[in-house]
Structure formats: structure tokens, C-alpha cells
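Numbering of the sequence shown is given in our numbering, commencing with residue -5 and proceeding in unit increments.
Glycine is no exception: its CB is placed at the ideal position from the N, C-alpha and C atoms.
Remember, it's a predicted structure, so these values are computed and weren't measured experimentally.
Following: one structure in C-alpha cells, then a few remarks.
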Amino acid sequence: MSQPTVVPHRIRLPLHRKLLPLLIVGLATVLTALSPKHLCAILRFARRGARPATFEQARFARRSVVAISLRCAGDGCLLRSVAAALLCRVHGTWPTWRTGVRTQPFSAHAWIEADGQVVDEIHPAGYFAPLLTVAPLRTARNDRHRP
């Protein structure tokens, strides 16, 4: 599910901010070995009770996992997208997680979106046709304003 990429500029995280993304990437490594059916079931369970992530929250999560993992920084799009979604969840939010394909030439990819925008990907929205999507739940509890 990956495509050749150049390793992008990575942010530098202070030492005390590296542990959580490192643990999340480890968990995501285990989860990405599961079948798509089981991975989606776990992600659907994980999103429960989370607010929709803002673009900036999703971007920070993605950049954090890229900062601590060369695989996430390179062609590990499935690992990167799952880890970024889980890191958002640890902070109480959930982005839209997607996997999809394009034809001519065939390519598969996984990514996250927030506020209706693809987060830090080189391809524009609509470049890949989504096959699997785990979007934030929009319940009355999540959408009501809190004083």
C-alpha cells in the first residue's frame, strides 16, 4: 500500500515528547499486520467517544509519528496513517482514516483527513478512490457545545 516517496523534512520533537509517538508506532506496527477486516474493527472501536480532529491536530499527530519513525517518514503509508490516527485518539480526537486505490498505474495508499482536507500528502484530494474509511462518529454528545 505504498508508493515511492522522498523522506520529507521531519520536525524535531523534544525528548519528553518522543515516548508516546514511539509507543503508538509500535502498536500500529502490530495492528497493520492484521487483516483489513480486523484492522477496521479495531479502528472503529478506537474512535468511539472521540471528537473529530481538526486539521492542525491531525497534522501534528502525523508529523510526530514521521519524526520518530523512518518507516513512517518513507513509504510506510499504512503504518503512518494508523499511527497518526491512534495518536490523535490518545489526545481525545479522531481524524478520518482512509485507504484507497487508483488505476493506471495501479497504486494503493492509506492516509488521514481532517476538516475535509487530506493531511500532508503530496497527492490532492480525490487522487485515490477510497475503499476503507473510518471516520469520526458524529453524535449529539460529541457535537454539543460545552461551557
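| task | Identify every run of the beta strand (DSSP E) within the stretch 41 to 122, keeping only runs that are complete inside it and at least 3 residues long; order them along the chain. | result | Secondary structure remark: continuous beta strand (DSSP E) runs of at least 3 residues inside the stretch 41 to 122, in chain order: 90 to 96, 101 to 108.
| query | Beta carbon of CYS82, beta carbon of ALA47: below 8 Å? | reply | In this structure, ALA47 lies closer than 8 Å to CYS82 by Cβ.
| Through-space distance from ALA52 to PRO15, alpha-carbon basis | If you draw a straight line from the Cα of PRO15 to the Cα of ALA52, it is about 13 Å long.
| request: With a 10 Å radius around its C-beta and 16 neighbouring C-beta atoms as the bar for buried, classify ALA134 as buried or exposed. | output: Legend: pLDDT at ALA134 = 41, less than 50; position of this residue unreliable, no value from coordinates given.
| query | Is the CB-CB distance between VAL19 and ILE62 below 8 Å? | reply | Contact flag set, yes.
| request: Mind checking who LEU126 pairs with in its DSSP beta bridge? | output: Residue pairing by DSSP places LEU126 opposite THR93 in a beta bridge.
| task | Determine the extent of the alpha helix (DSSP H) in which THR23 is found, giving its start and end residues. | result | Note, THR23: alpha helix (DSSP H), 13 to 25.
| task | Have a look at ALA102 and THR26 and give me their C-alpha separation to the nearest angstrom. | result | If you draw a straight line from the Cα of ALA102 to the Cα of THR26, it is about 15 Å long.
| Can you tell which of ARG42, ALA78, PHE39 has its C-alpha closest to the C-alpha of ALA55? | The residue with the shortest Cα to Cα distance from ALA55 is ALA78.
| field | Collapsed DSSP secondary structure at ARG132 in the structure displayed | value | Looking at ARG132 - three-state DSSP - the assignment turns out to be coil, as it is neither helix nor strand.
| Are TRP105 and ARG96 touching if we call contact CB-CB under 8 Å? | A distance of 8 Å or more separates the beta carbons of TRP105 and ARG96.
| From ARG132 to PRO99, what does the alpha carbon distance come to, in whole angstroms? | If you take the alpha carbons of ARG132 and PRO99, they lie about 36 Å apart.
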